[in-house]
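Inspection log for the structure reproduced underneath, given as C-alpha cells.
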C-alpha cells in the first residue's frame, strides 16, 4: 500500500489487479465470493479501527493469518522530478520554512496517527519539535485573530495553555524531521521501486464497449444521455506522459497537489496590462516553489552533481535596494515579505483584500481538537466533532461548500510569522495595506518601474511584484481531466467536482482524486495533510473492497450514521483551531 507524496508536481498512481482466484465452476465461484465478502467486512472493521501503533501489515496479519485480503496490485507512481519529497523540500528551502504548520498527529502515514511521535521518540529527535509561543500580542491595528466569538481584547492576544504547550501532540515538527520521517516510510514500504519520472499530459479512459448491451443501445437512440453515462464502464485508462510514454492502468489516483503552475490564480489586472514588461519583474510564487526543484534536477541531468549548489542564490525574490509589492494575505505572502527584507529590499508594500488575519492552523474554527484532544481555548470549548457530524450528514453539496468557505476564511498568517514581521511593520519598512486591491498596472519604460493604481485611490511605484494569490483549481479547466470529463461528465460546483464518497470520479470510472478536488466530500481540510490522511483511507478501502457494483451513485450522499461516525473517527485528533 502506498502513501501520499507531499505535494508532488504531477503524481498519478495506477493500480492494476494482476491476480485472480481460479475457479473450477460457477457454484465454487459463488461460494468463494461469499466467503471473500464476509472476510472482507471483518478485515476492514479491524484494520480501520486499529489500536494506535499497529501498522497496516500487522493489522492485516492479525485479521487474516496466512492470507492476504487484497489481491496483489501492480503499482506505479508518476512524478515530474522522479524523487519523493523533491517539491516539498524545495518549498521548505525556498520560503525558509522551519517547521510544518500542522502538529505531530498530521503526517503521511494514514493508518497510525502516532507514527511520527514514535519516530521522534525512537530517534531522540524531540529537540526538532517546535512549541508555540506562550503569548502573542498584536500591535498592528489591521491584524487580529479571526474568530468572531472572541471579545475585542481577546482578539488582540493569544494564550496557549501550558499543558497543551508541553504536549507532544501540540508540537509542530521541523521540516527536516518531517522529510526524514517520510523518507523512512519510503524505505519501509520500498516505494522507490514504483516511482516513474515523467510529467502527465492527460488521462484518457478507454471504454469497455463489449459490456454494452442492446438495452443500453436503445436508451442511446432515445437520447437518454444520463442513463448511458451511468452505464458506461472504463476498461482501463491510458496515461500519456510528455516524454511520449503511455501507461495503462485499471485504476488511477490523481494527487497533484495545489501548486501546479498551470492553475496559478492570476488577478484580472495582470491580464489587462497593455504593454510588454520584463517577466522577471512580475512573478507568481508558484514558480518560485518549482524553481529550486527544477534547478536541482537540471544539475543532475547535466551530471554536475559535484558542483557547489547554493539554494538561496537561486531563490531570488528581489535585489538589494528594490521596492517590492507582495499581493496576498496568506502565509506564503508573509514568507515572501520576510525573504525580500532579508535580501535587502528598501521597502515592501503588502497588499491584501481583507484584514491581516492570524490563525495558528489553516482551517480556522473547524480545526479544533477532536474527541479526547478537545480543550478550552480563549475561554471557549473547542470540539470539532459537532462540525464534522454536521458536515458529513449534510446532503446538499451547496451547503457543504458554504461550510467550507466559512471554515477556511481565506488566507491567514501564523502568529510566529507575524511576530517576525512586526518590527518591520511598526518601523514602516513594511506597509500593510488591508482591504485593498490593485485596480490597474502599467510598466514605465523610461523609469523601468511599475506604476499601479489601488482601489483605495492611492498609487504605488516600485521595482518588483510578487503574486501570492494561490492556485485556483477548476476541474473544467484542468487539462489532465479533460478526457475524463468528456466521457464521464459530473456536476461541478465552484470548480470542485461532485464525486462519490469513496472519492471515485463516478460509477464505472475508477479515477480517484485527492487534495482540494475532494473538499465537498472530505471537508475544508482536504487540501492539507490531514485531508490527505482521510482521503487515502477512503481510496484504499474502496480499492480493497473491489465491489464496484454496490457503490452508491456519485450524485447521492450517504446519510448513514455509520459512515458519518467512520469519517469522524478517521479525523480523530487531526483538527485544530
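In the numbering used here, the protein residues as written are 13 to 589. We put the beta carbon where it would ideally sit given N, CA and C, even for glycine.
Buried versus exposed call for residue i [16 or more other C-beta atoms within 10 Å across all chains shown]
i           : result
residue 407 : exposed
residue 255 : exposed
residue 97  : buried
residue 273 : exposed
residue 334 : buried
residue 437 : buried
residue 197 : buried
residue 136 : exposed
residue 119 : buried
residue 287 : exposed
residue 456 : exposed
residue 91  : buried
residue 429 : buried
residue 545 : buried
residue 139 : exposed
residue 72  : Residue placement at residue 72 is flagged as unreliable, the pLDDT there being 39, under the threshold of 50; the coordinate-derived value follows with that caveat. So residue 72 counts as buried.
residue 414 : exposed
residue 354 : exposed
residue 590 : No answer is possible for residue 590: it lies beyond the span of the chain, which begins at 13 and ends at 589.
residue 506 : exposed
residue 121 : buried
Cut-off 7 Å between Cβ atoms - residues of its own chain near residue i, not counting five sequence neighbours on either side
i           : result
residue 281 : 450, 451, 452, 453
residue 111 : 142, 184, 185, 186, 187
residue 439 : none
residue 465 : 451, 452, 471
residue 366 : 341, 422, 446, 447
residue 94  : 207, 209
Sequence-distant residues of the same chain with beta carbon closer than 6 Å to residue i, five excluded per side
i           : result
residue 468 : 448
residue 258 : 250, 252
residue 363 : 339, 445, 448
residue 336 : 330, 352, 357, 360, 476
residue 332 : 356
residue 416 : 531, 536
residue 412 : 406, 532
residue 294 : 477
residue 491 : none
residue 206 : 87, 88, 89
residue 473 : 461, 463
Cβ shell of residue i (< 8 Å), same chain only, five flanking positions each side left out
i           : result
residue 494 : 214
residue 219 : 244, 245, 246, 247, 499
residue 351 : 107, 108, 327, 329
residue 515 : 524, 525, 526, 530, 533, 534, 547, 550, 551, 554
residue 191 : 97, 100, 101, 104
residue 403 : 412, 415, 535
residue 195 : 96, 97
Supposed contact pair residue j and residue i - C-beta distance, whole angstroms, cut 8 Å
i           : j           : result
residue 368 : residue 444 : 6 Å
residue 513 : residue 533 : 6 Å
residue 496 : residue 290 : Contact doesn't hold; Cβ gap of about 39 Å is too wide.
residue 102 : residue 301 : 6 Å
residue 279 : residue 370 : So it is not a contact: roughly 24 Å between Cβ atoms.
residue 114 : residue 461 : Incorrect: roughly 40 Å between the Cβ atoms, too far for contact.
residue 510 : residue 409 : 6 Å
Proximity of residue i and residue j at Cβ, strictly below 8 Å
i           : j           : result
residue 268 : residue 527 : yes
residue 360 : residue 480 : no
residue 488 : residue 502 : no
residue 553 : residue 275 : no
residue 348 : residue 297 : yes
residue 270 : residue 442 : no
residue 208 : residue 89  : yes
residue 277 : residue 482 : yes
residue 346 : residue 264 : no
Any chain C beta carbon closer than 8 Å to residue i
i           : result
residue 418 : Of the chains in the structure shown, none is chain C; there is only one protein chain.
With a floor of 4 residues, list each alpha helix (DSSP H) that falls wholly inside the segment 392 to 445, ordered by position along the chain.
Fully enclosed alpha helix (DSSP H) runs of no fewer than 4 residues occupy 397 to 405, 409 to 420, 427 to 439 of the segment 392 to 445, in order along the chain.
List, from N- to C-terminal side, the beta strand (DSSP E) runs of 3 residues or more that fit wholly inside the segment 341 to 368.
Taken in chain order, the complete beta strand (DSSP E) segments of 3 residues or longer contained in the segment 341 to 368 are 359 to 363.
What beta strand (DSSP E) runs, 3 residues minimum, are completely inside the segment 237 to 286?
Counting whole runs of 3 or more residues, the segment 237 to 286 contains the beta strand (DSSP E) stretches 246 to 253, 258 to 261, 263 to 266.
Beta strand (DSSP E) segments (min. 3 residues) lying fully within the segment 98 to 127:
Within the segment 98 to 127, no complete beta strand (DSSP E) run reaches 3 residues.
Which full runs of the alpha helix (DSSP H) of 4+ residues lie inside the segment 517 to 547, going along the chain?
Fully enclosed alpha helix (DSSP H) runs of 4 or longer: 531 to 534.
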